[in-house]
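**Q** I am attaching a structure below and will ask some questions about it afterwards.
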Amino acid sequence: MSVDESRPRSIPGVATFHRREAWQDPSLPVTGPSPTLEQWDTFPLHYTAADDLIDGDPGEHAEDLPAYLRAIQRDYKKNRGYSIGYGFAVDWLGGVWELRGYDIKNAANLNWNTRTGPVLCLVDGADPLTAEALWSVRALYREANRRTGRHLNDVGHRDIGATACPGDGIYRQIQSGLITPLTAAELNPPLPEKESDMDTMPQRRVTDTRGEGASRDHYKCRADSQHEILIREAKGYKTAQVTITSVEQENAGHITVWRDGKRPDTSVLNYGRDDEPVTETLFVQLDANGAFQLWTYARTHLIVDFTGIVAR
-13 MSVDESRPRS IPGVATFHRR EAWQDPSLPV TGPSPTLEQW DTFPLHYTAA DDLIDGDPGE
47 HAEDLPAYLR AIQRDYKKNR GYSIGYGFAV DWLGGVWELR GYDIKNAANL NWNTRTGPVL
107 CLVDGADPLT AEALWSVRAL YREANRRTGR HLNDVGHRDI GATACPGDGI YRQIQSGLIT
167 PLTAAELNPP LPEKESDMDT MPQRRVTDTR GEGASRDHYK CRADSQHEIL IREAKGYKTA
227 QVTITSVEQE NAGHITVWRD GKRPDTSVLN YGRDDEPVTE TLFVQLDANG AFQLWTYART
287 HLIVDFTGIV AR
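Residue 109 in the numbering used here is what sits at position 123 of the sequence shown, and the numbering runs on without skipping anything.
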């Protein structure tokens, strides 16, 4: 957390956090009265009711979300006379976008604005939250409880207003008891045993997406893209040590790695927009061919170096 707790730079459990500066138009900033966290007792979820917004369908990319949020802000200011009313928005990848945040009073629940910390869920119509979005909503729920010093009631907008919001998909998740604060164990899972029994094997660069000259950006990894990283000499081994570097990022984001199957809701490396190179050395689990999966939230160049192998 930053020194100014009302404007955090990160939230525990949230892999990618975007402050207002990452999306808002400086000439049309989010404004409003002072916050009322001391009166919060309710944590409501919302949706836009739009049947087709930016949520990862073919042709929809995370890079387009800042412009989408600016459009919502313009619509609010033009047609309602005030700023976008929600505290935060959560996208399908689990990215959290600061809207009114913790430093501006919310304006999304008529007659409840002093009591609520509303979250806008960026889903199509009646769709439910993705696993990644659900995780981040739960992280925001935990943070709201921490900041207020009490357990807030989780509700759908329809529970406190005459509306169909937040849609049947999300509302079923609320009714099923899925909207719970992240636990301390989930935030801080036990660390694996240290991998110290290493076999000797030459180190080498496995992947480098950077091109030369005009082609430099051609192979840059797209946002919300998955890549198989194959270490041929590691075939038959279960664990390798690698160094992953993110360079020339086009937005804030994170990287996830895993052996195979479904992508987990975790991150091994977090980066900002146009950061200096961000590097992390870690152990990765390999499949039978010596490969692992890598996913990136935002568009970035990636460098992967193979640095060691754990003995069989």
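Using N, Cα and C, we set each Cβ at its ideal position, and we do this for glycine too.
The structure displayed is predicted, hence computed values, not measured ones.
For chain D, check one thing: does any of its Cβ atoms lie closer than 8 Å to the Cβ of threonine 116?
**A** You won't find chain D in this structure, because it holds only one protein chain.
**Q** Consult DSSP for alanine 284 and reduce its assignment to one of helix, strand or coil.
**A** On the sequence shown, position 298 is the one that residue 284 refers to. Alanine 284 falls in the coil class under three-state DSSP.
**Q** Under a Cβ-count criterion, where at least 16 other Cβ atoms within 10 Å of its own Cβ denotes burial, should aspartate 260 be classed as buried or exposed?
**A** Taking the sequence shown and counting its residues from 1, one reaches residue 260 at position 274. The residue in question, aspartate 260, is exposed, as its Cβ has fewer than 16 Cβ neighbours within 10 Å.
**Q** Enumerate in chain order the residues of its own chain whose CB-to-CB distance from isoleucine 40 is below 6 Å, with the five nearest sequence positions on each side excluded.
**A** The sequence position of residue 40 within the sequence shown is 54, counting from 1. The answer, listed in chain order, is Glu46, Asp50, Leu51 and Tyr54.
**Q** In this structure, how does DSSP classify leucine 126 when only helix, strand and coil are distinguished?
**A** In the sequence shown, residue 126 corresponds to position 140, counting from 1. In this structure, leucine 126 counts as helix in the three-state DSSP scheme.
**Q** Any idea what DSSP makes of glycine 71, helix, strand or coil?
**A** The residue given as residue 71 occupies position 85 in the sequence shown. Looking at glycine 71 - three-state DSSP - the assignment turns out to be coil, as it is neither helix nor strand.
**Q** Given a cut-off of 8 Å, decide if tyrosine 283 and asparagine 210 are closer than it, judged by their beta-carbon atoms.
**A** In the sequence shown, the residue the question calls residue 210 occupies position 224. In the sequence shown, the residue the question calls residue 283 occupies position 297. In the sequence as displayed, the identity of residue 210 is aspartate instead of asparagine. Yes, the pair counts as a contact, with Cβ atoms nearer than the cut-off.
**Q** Report the three-state DSSP secondary structure of asparagine 97 (helix, strand or coil).
**A** Looking up residue 97 in the sequence shown gives position 111. Looking at asparagine 97 - three-state DSSP - the assignment turns out to be coil, as it is neither helix nor strand.
**Q** Starting from proline 52, trace the alpha helix (DSSP H) both ways and give me its first and last residue.
**A** Stepping through the sequence shown from its first residue, residue 52 is reached at position 66. 51 to 65 is the span of the alpha helix (DSSP H), which, as asked, contains proline 52.
**Q** Let me make sure I understand the geometry here. Which of Ile230, Gln59 and Asn95 has the alpha-carbon closest to that of asparagine 256?
**A** Walking along the sequence shown from the start, residue 256 turns up at place 270. Shortest Cα-Cα distance from asparagine 256 to any of Ile230, Gln59 and Asn95 involves Ile230.
**Q** Does the beta-carbon of proline 19 have 16 or more other beta-carbons within 10 angstroms, so that it is buried, or is it exposed?
**A** One-based indexing of the sequence shown puts residue 19 at position 33. Classification of proline 19: exposed, given that the 10 Å Cβ count is below 16.
**Q** Should the segment 86 to 97 be called in touch with the segment 9 to 24, which here means at least 3 C-beta pairs below 8 Å?
**A** yes
**Q** What ranges does the alpha helix (DSSP H) occupy inside the segment 210 to 264, keeping only unbroken runs of at least 4 residues that lie completely in it?
**A** none
**Q** Looking at glutamate 118 and histidine 4, is the spacing between their C-beta atoms short of 8 Å?
**A** For this step, residue 4 is matched to residue 18 along the sequence shown. For this step, residue 118 is matched to residue 132 along the sequence shown. Against a cut-off of 8 Å, the Cβ pair of glutamate 118 and histidine 4 comes out as no contact.
**Q** From what residue to what residue does the alpha helix (DSSP H) around arginine 191 run?
**A** Looking up residue 191 in the sequence shown gives position 205. Judged by DSSP secondary structure, arginine 191 falls outside any alpha helix (DSSP H) and instead within the beta strand (DSSP E) spanning 190 to 194.
**Q** In three-state terms, what does DSSP make of isoleucine 90?
**A** Stepping through the sequence shown from its first residue, residue 90 is reached at position 104. Coil at isoleucine 90, not helix or strand.
**Q** Taking the alpha-carbon positions, what's the glutamine 279 to isoleucine 241 distance?
**A** Counting from 1 along the sequence shown, the entry for residue 279 is found at position 293. Counting from 1 along the sequence shown, the entry for residue 241 is found at position 255. One C-alpha to the other measures close to 10 Å.
**Q** Write down the C-beta distance between tyrosine 62 and histidine 32 rounded to the nearest angstrom, noting that I regard them as a contact closer than 8 Å.
**A** In the sequence shown, residue 62 corresponds to position 76, counting from 1. In the sequence shown, residue 32 corresponds to position 46, counting from 1. Not confirmed; about 13 Å, so no contact.
**Q** Rounding to the nearest angstrom, what Cα-Cα distance links lysine 248 and arginine 208 in this structure?
**A** Counted from its first residue, the sequence shown places residue 248 at position 262. Counted from its first residue, the sequence shown places residue 208 at position 222. Answer to the nearest angstrom: the Cα atoms are 19 Å apart.
**Q** Given a threshold of 16 other Cβ atoms within 10 Å of its Cβ, counted over all protein chains shown, does arginine 60 qualify as buried or as exposed?
**A** On the sequence shown, position 74 is the one that residue 60 refers to. By the neighbour-count rule (16 or more Cβ atoms within 10 Å), arginine 60 is not buried but exposed.
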